[in-house]
Amino acid sequence: MARRKKIYEGKGKILYEGPEPGTIVQYFKDDATAFNAQKRDVIDGKGVLNNRLSEFFMTGLNNIGVPTHFIRRLNMREQLVRSCEIVPLEIIVRNFAAGSLSTRLGIEEGTPLPRPIVEYCYKDDKLGDPLVTEEHIAAFGWASQQDMDDILSLALRVNDFLSGVMMAVGIRLVDFKIECGRVYDGDFQRLIVADEISPDSCRLWDMETGQKFDKDVFRRDLGNLTDAYTEVARRLGVMPKNTTQMAKPTLIN
Ligand code: 5GP
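Numbering (this note's numbering), first residue to last: 1 to 253.
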């Protein structure tokens with residue numbers, strides 16, 4: 001069996017060198033972390049669900065012309081993605097007040113926002129991903145003005161797409177986080193949606209009952225996380241029941 005090269009291991013995923021130049025294999029782990037990894041656990045089946053759900057959202061985005069890094073799913077826990085230069089920002093889009101926005105501004109969770117609000121956090125675990133302004137981003141050279149225009153446009157298009165897809169299955173898209181990466185085609189550089197889109201990086205509430213189907217279930221000890229993510233997958237018709245519990249493949253690093 002060939003040993004493959006690990007490029008990076010994060011809290012929820014491992015990246016391996018892909019089979020062709022310019023590709024990466026993204027492996028979804030079952031590890032769940034919150035509060036900058038101060039709370040952690042292993043949730044059986046989470047990686048399988050996030051692999052499938054991220055495939056579903058990224059494929060949908062590719063199909064409507066929003067470029068993403070997703071190429072194809074390889075197996076239950078892995079997908080082939082295009083390698084890109086990650087912009088060191090978390091791009092957060094909010095439709096309803098929740099989480100850190102509610103805490104910061106004292107707005108009750110669930111309050112509809114007058115329009116989608118886009119925020120940027122500097123990706124740095126040691127600093128706890130602090131909120132930054134476009135002034136910081138420009139001054140420290142994390143992204144150019146052209147990058148920021150493209151990132152804003154991508155973020156709002158992802159919001160339109162995801163809100164619609166979730167609304168169709170009775171789920172409210174409260175907020176989400178994406179990451180963007182630069183790819184180079186000859187003399188041209190463009191931005192694409194990278195990383196993952198899954199209930200780990202979104203807030204998803206049932207439109208009727210307000211039940212949470214996202215990582216807040218883990219962050220706030222609200223119940224079984226796998227059940228919550230499975231409900232999202234079931235409503236979207238993404239995967240049949242009971243396929244998350246299959247044995248994990250042995251990781252070869
Ligand atoms: P908040 O700023 O309220 O904590 O998070 C806003 C949204 O961005 C939520 O949907 C949350 O899940 C997502 N988010 C913020 N930071 C991170 C992060 O470091 N990792 C992930 N997976 N999602 C994040």
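Virtual Cβ for every residue (Gly too), placed ideally from N, Cα, C.
Between the C-alpha atoms of Tyr-122 and Gly-12 there is a straight-line separation of about 18 Å. Of Leu-236, Glu-85, Ile-24 and Glu-20, the smallest CA-CA separation from Leu-162 is found for Leu-236. Every unbroken stretch of the beta strand (DSSP E) spanning 3 or more residues and falling wholly within the segment 131–190 is given here in chain order: 171–185.
For Cys-121, DSSP records a beta bridge to Glu-90 and Leu-131. The shortest CA-to-CA distance from Ala-143 to any of Ile-86, Val-118, Ile-197 and Gly-164 is the one to Ile-86.
Non-local C-beta neighbours of Cys-84 in its own chain, meaning closer than 8 Å and more than five positions away in sequence, comprise His-69, Gly-181, Arg-182, Val-183, Ile-192 and Ala-194, ordered along the chain. Within 7 Å of the C-beta of Glu-9 there is not a single heavy atom belonging to the ligand 5GP.
Per DSSP, the continuous beta strand (DSSP E) segment holding Val-42 begins and ends at 39–42. Beta-carbon to beta-carbon, Phe-213 and Ile-151 are separated by about 27 Å, too far to satisfy the 8 Å threshold. Collapsing the DSSP output to three states places Ala-228 in a helix. DSSP places Glu-9 in no alpha helix (DSSP H) but in the uninterrupted beta strand (DSSP E) bounded by 6–9.
When Phe-188, Asn-224 and Gly-164 are compared, the shortest CA-CA separation from Leu-61 is found for Gly-164. With respect to the C-alpha of Leu-74, the residue from Leu-156, Gly-18 and Gln-145 having the closest C-alpha is Gly-18.
Residue pairing of Leu-15 in beta bridges, as defined by DSSP: Tyr-8 and Gln-26. In this structure, Asp-124 keeps its C-beta atom at 8 Å or more from the C-beta atom of Asn-36. No Cβ-Cβ contact shorter than 8 Å links Glu-196 with Asn-95. Scanning Val-232, Met-58 and Ile-92 for the CA closest to the CA of Pro-199 turns up Val-232. No heavy atom of the ligand 5GP is found nearer than 7 Å to the CB of Asp-227. Residue pairing of Asp-206 in beta bridges, as defined by DSSP: Ile-171. A residue is called buried once 16 or more other Cβ atoms fall within 10 Å of its Cβ, and Lys-39, having fewer, is exposed. Across the structure, His-136 and Ala-2 are spaced so that their CA atoms are roughly 44 Å apart. Separation of the CB atoms of Thr-230 and Lys-46 is rounded to 10 Å, and the pair is thereby denied contact status at 8 Å.
Residue side-chain check: Arg-203 places its Cβ nearer than 7 Å to a non-hydrogen atom of the ligand 5GP. Rounded to the nearest angstrom, the Cβ distance from Gln-145 to Ala-138 is 7 Å, consistent with a contact under 8 Å. A buried status is given to Lys-29, since no fewer than 16 other beta-carbon atoms sit within 10 Å of its beta-carbon.
Excluding the 5 residues flanking it on each side, Arg-72 has same chain C-beta neighbours closer than 6 Å at Leu-80, in chain order.
The residues Lys-11 and Arg-40, in chain order, have a CB closer than 6 Å to that of Thr-33 in the same chain once the five nearest residues on each side in sequence are set aside.
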